[in-house]
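**Student:**
There are 2 protein chains.
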Amino acid sequence: MAANVQDTIMLFGDSLTEMGSEAGGIVQRLSAVYKRKLDVLNRGFSGYNTRWAIPVLEQILAKKSEQANLPAVRLLTIWFGANDAAVPETHRQHIPLAYYTDNLTKLIRLVKDPSSAHYSPDTKIVVITPPPVNTEQWAEKKATMDPPDNQLDRSFEATKAYARAAKEVAAREGVEVVDAWTVLWKAAGEVEGQLSQFMSDGLHLNENGYEILYNELISVISTKLPELHYEKLNDVFVSYRDIDYANPDPSLQKRKA
Amino acid sequence: MAANVQDTIMLFGDSLTEMGSEAGGIVQRLSAVYKRKLDVLNRGFSGYNTRWAIPVLEQILAKKSEQANLPAVRLLTIWFGANDAAVPETHRQHIPLAYYTDNLTKLIRLVKDPSSAHYSPDTKIVVITPPPVNTEQWAEKKATMDPPDNQLDRSFEATKAYARAAKEVAAREGVEVVDAWTVLWKAAGEVEGQLSQFMSDGLHLNENGYEILYNELISVISTKLPELHYEKLNDVFVSYRDIDYANPDPSLQKRKA
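Dropping the structure here:
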């Protein structure tokens, strides 16, 4: 069994999170800078919306009664909305905006409400807003699917509204936010077609898009959660240069990151 | 706290493992294919040798008495030797070959010996041999360090001997082996200078080197440990296509990968 040696960063979300373990993705970038300090857990579930996220979060976070020996979640990112915002006519993943707001609030309170079985006051939460959709690029992708799918199931304006709602929920609940929608929209010069620089298919990010997201997340950590910046954390085991060569074992005891 | 939802693959080693979380590295490649199935833990410690690895492994694996709720280690890779093989005259990381063999044996038995406090019969072990050294490339790298270091602290023949010893230990202990030394040497056409295609600095692998290692590891898993191939494992939570839209919660219970 893996001992409880490193605390964790848990990235919880839909395909935008799940694909983050690819080279250049958000999970990979965080794993590289937090190695030897915190384990970065990919808890991304392609196609999931906030309704389905609730029973999943209840299972991937330990109950208070189960917490002995388990690694703490120092940082939890919650990144849903890309599927919730699917247009209702074509898509069973759609969640109406008011329910999306409710569900996102429930996810946060599962961690932050002292009466929750999963209450974890030391877990910092960052809500990530869904990125803007490049509908032309997404339509092209769907047309090349087998069989071709010509019904456009995302809209630019809908995702914009869900991103705004996510930001409002984070503010109301007193947790941090990484506004992926806005940083990507600005990076694209506020031109929908220009988003293709940052997206693999109009819905998902490519390496450049993940780089912008990563930089924004590190910037939010630096200013709002500085104690969690990787430069502020110890390696759990010392650098080999700090090992006492004559009597190594005492210097090789794990420390808190 | 992070619940015990996904079992793990633990990659234990020196800088060759630690750097594997970079884009294209061994940790990243495994993380991408095992996502939603097993968590891939980077337990790489730059500069460490097998002597220092022993007290560390005792801490990163749970004792039998602590195992409740902790994720199982389904696969443990042990990849040391690059520092043990440093030339004795210049280097405090050096471990004589006979001690390297002993230490590697101890690391394996920590998991496989029924009398060990860390005994874990279901953990599969893969020993990875140290890769060949490109001494010319490594000398160049050291000359550019600040201050320049002109004493060559690795030798091609020494690392070759340590790689052979690692292979012999694995065979004797009845665990699997990924012979990184041989696959990289063959890929370089058995010409030391050609190793630069696969190495960042003559000692460490670049993306191409990690790709060869990854392919060899997946090949060993396919043939020797097929039950651990990612294609044989379930996603812990179902695909969104398999969620019962009318009554989602029963379909959203976690499963064994």
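Residue numbers (this note's numbering), protein chains in the order written: chain A, 1 to 257; chain B, 1001 to 1257. Ideal Cβ positions, reconstructed from N, Cα and C, are used throughout, including at glycine.
Please look up how many angstroms separate the CB atoms of residue 1021(B) and residue 35(A), rounded, as I've assumed it's under 8 Å.
**Tutor:** Along the second sequence, one-based indexing puts residue 1021(B) at 21. Along the first sequence, one-based indexing puts residue 35(A) at 35. Yes, they are in contact, since the Cβ atoms of residue 1021(B) and residue 35(A) sit about 5 Å apart, within 8 Å.
**Student:** Would you say residue 205(A) faces chain B, with C-beta separation under 8 Å as the test?
**Tutor:** In the first sequence, the residue the question calls residue 205(A) occupies position 205. At a cut-off of 8 Å between beta carbons, residue 205(A) makes no contact with chain B.
**Student:** Quick check on the burial criterion: 16 or more other C-beta atoms within 10 angstroms. Buried or exposed for residue 1132(B)?
**Tutor:** Reading the second sequence from its first residue, position 132 is the one you call residue 1132(B). The residue is buried, with at least 16 neighbouring Cβ atoms inside 10 Å.
**Student:** Return no unless some Cβ of chain A is closer than 8 Å to the Cβ of residue 1198(B).
**Tutor:** Taking the second sequence and counting its residues from 1, one reaches residue 1198(B) at position 198. No, residue 1198(B) does not count as interfacial toward chain A.
**Student:** In its own chain, which residues sit with a C-beta less than 8 Å from the C-beta of residue 1196(B), not counting the 5 before and 5 after it?
**Tutor:** For the purposes of this step, residue 1196(B) is identified with residue 196 of the second sequence, where counting begins at 1. Cβ neighbours of residue 1196(B) beyond the five flanking positions: 1134, 1137 and 1202.
**Student:** Following the continuous beta strand (DSSP E) through residue 29(A), name the residue where it begins and the one where it ends.
**Tutor:** Within the first sequence, residue 29(A) is the residue found at index 29, counting from 1. No beta strand (DSSP E) contains residue 29(A), which is instead part of the alpha helix (DSSP H) from 26-34.
**Student:** Please check the pair residue 1102(B) and residue 1048(B), which I expect to be a contact at CB under 8 Å, by giving their CB distance rounded to whole angstroms.
**Tutor:** Translated into the one-based positions of the second sequence, residue 1102(B) becomes position 102. Translated into the one-based positions of the second sequence, residue 1048(B) becomes position 48. Contact flag wrong, Cβ pair sits at about 16 Å.
**Student:** How should residue 175(A) be labelled, buried or exposed, when 16 other C-beta atoms within 10 angstroms of its C-beta is the threshold for buried?
**Tutor:** Numbered from 1 along the first sequence, position 175 holds the residue referred to as residue 175(A). So residue 175(A) counts as buried.
**Student:** By the 10 Å Cβ neighbour count, where 16 or more other Cβ atoms means buried, how is residue 194(A) classified, buried or exposed?
**Tutor:** Position 194 of the first sequence, counted from the first residue, corresponds to residue 194(A). Counting Cβ neighbours within 10 Å, residue 194(A) comes out exposed, since fewer than 16 surround it.
**Student:** Please classify residue 1255(B): does DSSP put it in a helix, a strand, or coil?
**Tutor:** Position 255 of the second sequence holds residue 1255(B). DSSP places residue 1255(B) outside both helix and strand once states are collapsed to three, so it counts as coil.
**Student:** Could you tell me whether any Cβ in chain B is nearer than 8 Å to the Cβ of residue 69(A)?
**Tutor:** For the purposes of this step, residue 69(A) is taken as the residue at position 69 of the first sequence. Yes, its Cβ sits closer than 8 Å to a Cβ of chain B.
**Student:** Skipping 5 residues on each side, what residues in its chain have a beta carbon closer than 6 Å to that of residue 1170(B)?
**Tutor:** Locating residue 1170(B) in the second sequence gives position 170, counting from the first residue. Within the same chain, residue 1170(B) has close Cβ partners 1127 and 1177.
**Student:** Classify residue 87(A): buried if its beta carbon has 16 or more other beta carbons within 10 angstroms, exposed otherwise.
**Tutor:** If you number the first sequence from 1, residue 87(A) lands on position 87. Exposed, because fewer than 16 other Cβ atoms sit within 10 Å of the Cβ of residue 87(A).
**Student:** Does any residue of chain B bring its CB to less than 8 Å from the CB of residue 93(A)?
**Tutor:** By 1-based counting over the first sequence, the position of residue 93(A) is 93. Judged by the 8 Å Cβ criterion, residue 93(A) is in contact with chain B.
**Student:** State the Cα-Cα distance for the pair residue 1199(B) and residue 1025(B), rounded to the nearest angstrom.
**Tutor:** Your numbering for residue 1199(B) matches position 199 in the second sequence. Your numbering for residue 1025(B) matches position 25 in the second sequence. The straight-line gap from Cα to Cα measures roughly 12 Å.
**Student:** Would you say residue 103(A) reaches chain B, if we count a Cβ-Cβ gap shorter than 8 Å as a contact?
**Tutor:** Here residue 103(A) is taken as the residue at index 103 of the first sequence, counted from 1. Closer than 8 Å: no.
**Student:** Exposed or buried, which one is residue 1253(B) when buried takes at least 16 other CB atoms within 10 Å?
**Tutor:** For the purposes of this step, residue 1253(B) is taken as residue 253 along the second sequence, with counting starting at 1. Exposed, since its Cβ has fewer than 16 Cβ neighbours within 10 Å.
**Student:** Under a three-way DSSP split, which group does residue 1013(B) fall into?
**Tutor:** Position 13 of the second sequence holds residue 1013(B). In the structure shown, residue 1013(B) sits in a strand (DSSP, three-state: E or B).
**Student:** In the DSSP output, which residue or residues are listed as bridge partners for residue 176(A)?
**Tutor:** The residue given as residue 176(A) occupies position 176 in the first sequence. Its beta-bridge partners are 126(A).
**Student:** Span of the beta strand (DSSP E) holding residue 134(A)?
**Tutor:** Start at 1 with the first residue of the first sequence, and residue 134(A) comes out as number 134. No beta strand (DSSP E) contains residue 134(A), which DSSP labels as neither H nor E.
**Student:** If the cut is a Cβ gap below 8 Å, which residues of chain A does residue 1081(B) touch?
**Tutor:** What you label residue 1081(B) is simply residue 81 of the second sequence in a count that begins at 1. Simply none; closest approach about 15 Å.
**Student:** For residue 149(A), would you say it is in contact with chain B, using Cβ-to-Cβ distances shorter than 8 Å as the test?
**Tutor:** Taking the first sequence and counting its residues from 1, the one referred to as residue 149(A) is at position 149. Not closer than 8 Å to any Cβ of chain B, the Cβ of residue 149(A) fails to qualify, so no.
**Student:** Please report the distance separating the alpha-carbon of residue 99(A) from that of residue 161(A).
**Tutor:** Taking the first residue of the first sequence as position 1, residue 99(A) is located at position 99. Taking the first residue of the first sequence as position 1, residue 161(A) is located at position 161. The straight-line gap from Cα to Cα measures roughly 13 Å.
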